[in-house]
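The structure under discussion appears below in the form of structure tokens.
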Amino acid sequence: MDSVVTIIWIVSFVLVTVTVTGLSRKVGWSAPISLVAVGAIVSFMPGVPQVHLEPDLVLYGLLPPLLFAAAIRTSIIDVRARGDSILALSVGLVLFIVVTVGFFTWLIVPAITLATGFAFAAVVAPTDAVAVTAIAGRLRLPRRLVTIIEGESLFNDATALVALSASITAIVGVLNPLGVAGDFALAVIVGIAFGVAVGFAVSAIRTQLKAPVLDTCLSLVTPFVAFIPAQLLHGSGVLAVVTAGLIVGQKAPVVQSAEARIAESLNWRTIRFMLENSVFLFIGLNLYSITTATASSGIGVWQTVGISLAMLGFLLLARFVWVLLSTLRFTIGPKRFRDRGWSWKNTFAVGFSGIRGVVTLAAVFLLPEETPQRPFLQFLAFAVVVGTLLQGLALPWIIRRLKLPPPNSAQERTEAQMLMAEARDAGISWLDAGTSDSDSEAVLRRLRADAALYNDELENPTPVGNESSPAAFGRLRLSMIIAEREAVLSARAAGRYQENAVRAVLAAIDAEEIALRVIGRKIEIDE
8 MDSVVTIIWI VSFVLVTVTV TGLSRKVGWS APISLVAVGA IVSFMPGVPQ
58 VHLEPDLVLY GLLPPLLFAA AIRTSIIDVR ARGDSILALS VGLVLFIVVT
108 VGFFTWLIVP AITLATGFAF AAVVAPTDAV AVTAIAGRLR LPRRLVTIIE
158 GESLFNDATA LVALSASITA IVGVLNPLGV AGDFALAVIV GIAFGVAVGF
208 AVSAIRTQLK APVLDTCLSL VTPFVAFIPA QLLHGSGVLA VVTAGLIVGQ
258 KAPVVQSAEA RIAESLNWRT IRFMLENSVF LFIGLNLYSI TTATASSGIG
308 VWQTVGISLA MLGFLLLARF VWVLLSTLRF TIGPKRFRDR GWSWKNTFAV
358 GFSGIRGVVT LAAVFLLPEE TPQRPFLQFL AFAVVVGTLL QGLALPWIIR
408 RLKLPPPNSA QERTEAQMLM AEARDAGISW LDAGTSDSDS EAVLRRLRAD
458 AALYNDELEN PTPVGNESSP AAFGRLRLSM IIAEREAVLS ARAAGRYQEN
508 AVRAVLAAID AEEIALRVIG RKIEIDE
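Going by our numbering, 40 is the number at position 33 of the sequence shown; the sequence numbering is gapless.
Here is the structure:
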């Protein structure tokens, strides 16, 4: 395929992704399912080149920006508050699935070894951050539940990939349990340490960057700077990216300008949209090559259907068992667990949210060539991905039946208003203490009333050589905004407001700052 044809296919890929996603949203269909279906149909059309999934392309090219885009939007405070629940799912549940589903796979798939069963279980163990966000984002779930589900999908890839590496070692050689424990500890320590280093380093560099375009460029390469070296040092690139993203996102209001924050937000929203949705189309395009390879496995069609359905059912059962056990621990365990627990209704919502995605498909291609029934396991992984996506379609119905309380929008609005009032009070306090006798009293009155002074300037021009009223307004209001932002960040650090309220107020402050800076630059040009 020459370069021009490649470019044409890439453009077509983007157009199909945008069109199918837009139409699906318009008619109320699930965009992930629609994209997988369209990709699957297209893969069987004549003239369409076969798509072969390259694991390294996914792990090194797609996974880092996807994880980073989710991490910078996630609050460290929320993750810390739900740490016990996220840890139980991202580590405990993954290991539970590796053992139970590993044995089950060994029993139902012909002619495979137990090590192969464990390897496949590690492949299907992690939920997918992209798929979970795509589903959860459309549901009005309680904020706490969304934090747990998304936090699980951010951190469980590391556990699953270490378990997969250990299982592959057992397939091709002799497994050393102590070596597995050491590899896991090394992956966690190196991954988190490298992520912390990258997160703080990027934040420090940002304080020196004045141009938003430079800041955005740095942001775009950050996930790769965190992921690739961590992987090469035998650490977890997943943990490195997530840790760096959490730190960068938390420090953004302090080290970035308002213009840079908004530019970064818009750019990552675009990247996230394209990657999230194109991943599902890419999954569907793999169907033809996977089914072609499966034909050589010697397993009949009906047996394949039966094994696929049995695997989906057992995966759902294993997840439910672990979530129920976790609920019991949080219900009847020590007080610190009871205070952090979730309700029985939440148990069913969490149990049904085990959606798999591109990480599972990429991981199954990491199985070595000598793996027994490798083509069939690749198809089975595809069936698990599609089956769990279809399972996710039942979530809205389940949520309605459980009558889980949606996010309290009125409370969030009230909190945002209260926090904005605190921020304004901080700005007024600075205005009372930070102005000088040379500042016009008219300017101060206008600032306190949040009224515009630009019409006054037209009616009463400032003498040449003096600071104009609009310029004074912009200078003083920008200083107030700095004080307001510090008050908001102090309130967030103290945990007195929900993160949604904090983000809403910070966004409003950023928008006003950008408007003032744009107007200030125009005034300078005019003068």
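Backbone N, C-alpha and C define an ideal beta-carbon position, used for all residues, glycine too. Computed from a prediction, not measured in an experiment: that's the story for all the values here.
Kindly list the residues whose CB is nearer than 8 Å to the CB of residue i, restricted to its own chain and excluding five residues on each side of it in sequence; keep chain order.
{"i": "Q263", "result": "R213, D222, E271"}
{"i": "I516", "result": "A265, A430, I488, E491, R492, V495"}
{"i": "D446", "result": "A479, L483"}
{"i": "L411", "result": "L148, P149, L152, K352, N353, A356"}
Within 10 angstroms of the Cβ of residue i, are there 16 or more other Cβ atoms? Answer buried if so, exposed if not.
{"i": "G313", "result": "exposed"}
{"i": "Q257", "result": "buried"}
{"i": "G361", "result": "buried"}
{"i": "V153", "result": "buried"}
{"i": "R87", "result": "exposed"}
{"i": "Q505", "result": "buried"}
{"i": "P53", "result": "exposed"}
{"i": "V58", "result": "buried"}
{"i": "R268", "result": "buried"}
{"i": "L42", "result": "buried"}
{"i": "I17", "result": "exposed"}
{"i": "V365", "result": "buried"}
{"i": "S19", "result": "exposed"}
{"i": "I48", "result": "exposed"}
{"i": "V245", "result": "buried"}
{"i": "P56", "result": "exposed"}
{"i": "T26", "result": "exposed"}
{"i": "L292", "result": "buried"}
{"i": "E520", "result": "buried"}
{"i": "G29", "result": "exposed"}
Going by the beta-carbon positions, is the gap between residue i and residue j smaller than 9 Å?
{"i": "L239", "j": "P72", "result": "no"}
{"i": "L294", "j": "G90", "result": "no"}
{"i": "A430", "j": "A508", "result": "no"}
{"i": "V131", "j": "M318", "result": "yes"}
{"i": "P375", "j": "I119", "result": "no"}
{"i": "S243", "j": "G198", "result": "yes"}
{"i": "V391", "j": "L322", "result": "yes"}
{"i": "P403", "j": "T123", "result": "no"}
{"i": "V249", "j": "A78", "result": "yes"}
{"i": "G358", "j": "R407", "result": "no"}
{"i": "T301", "j": "P382", "result": "yes"}
{"i": "F75", "j": "T277", "result": "no"}
{"i": "L368", "j": "I40", "result": "no"}
{"i": "L288", "j": "T24", "result": "yes"}
{"i": "A177", "j": "A126", "result": "yes"}
{"i": "P62", "j": "A370", "result": "yes"}
{"i": "F201", "j": "A259", "result": "no"}
In angstroms with no decimal places, state the Cα-to-Cα distance between residue i and residue j.
{"i": "S92", "j": "F111", "result": "26 Å"}
{"i": "V179", "j": "G399", "result": "36 Å"}
{"i": "V21", "j": "P117", "result": "40 Å"}
{"i": "V205", "j": "T299", "result": "43 Å"}
{"i": "I297", "j": "Q385", "result": "7 Å"}
{"i": "L451", "j": "L168", "result": "60 Å"}
{"i": "L66", "j": "P236", "result": "13 Å"}
{"i": "D444", "j": "W437", "result": "15 Å"}
{"i": "R499", "j": "I14", "result": "46 Å"}
{"i": "A192", "j": "A128", "result": "21 Å"}
{"i": "I156", "j": "S31", "result": "24 Å"}
{"i": "A233", "j": "S160", "result": "18 Å"}
{"i": "K33", "j": "N284", "result": "15 Å"}
{"i": "A501", "j": "Q215", "result": "28 Å"}
{"i": "R80", "j": "A211", "result": "19 Å"}
{"i": "L485", "j": "I83", "result": "28 Å"}
{"i": "I435", "j": "R455", "result": "7 Å"}
{"i": "G481", "j": "C224", "result": "29 Å"}
Pop quiz: residue i and residue j are said to be a contact at Cβ under 8 Å. What is the actual Cβ separation, rounded to whole angstroms?
{"i": "T134", "j": "R363", "result": "6 Å"}
{"i": "N163", "j": "L70", "result": "Incorrect: roughly 13 Å between the Cβ atoms, too far for contact."}
{"i": "I254", "j": "V203", "result": "7 Å"}
{"i": "L373", "j": "L121", "result": "In fact, because the Cβ distance is near 19 Å, the residues do not count as touching under 8 Å."}
Which same chain residues, not among the five before or five after residue i, have their C-beta less than 6 Å away from its C-beta?
{"i": "S226", "result": "E271"}
{"i": "F51", "result": "Y295"}
{"i": "V209", "result": "T229, V255"}
{"i": "G394", "result": "L319"}
{"i": "W329", "result": "L100, F103"}
{"i": "W275", "result": "A76"}
Does any C-beta atom of chain C lie closer than 9 Å to the C-beta of residue i?
{"i": "L485", "result": "Judged by its chain identifiers, the structure shown contains no chain C, having just a single protein chain."}
How about residue i: is its Cβ closer than 8 Å to a heavy atom in the ligand MG?
{"i": "R80", "result": "Summarising the ligand content, the structure contains no ligands, and the ligand MG is consequently not present."}
Can you give me the Cβ contacts of residue i inside the same chain, cut-off strictly under 7 Å, excluding the 5 residues immediately before and after it?
{"i": "R279", "result": "A76"}
{"i": "S333", "result": "A95"}
{"i": "I290", "result": "V43, G46, V365, L368, V392"}
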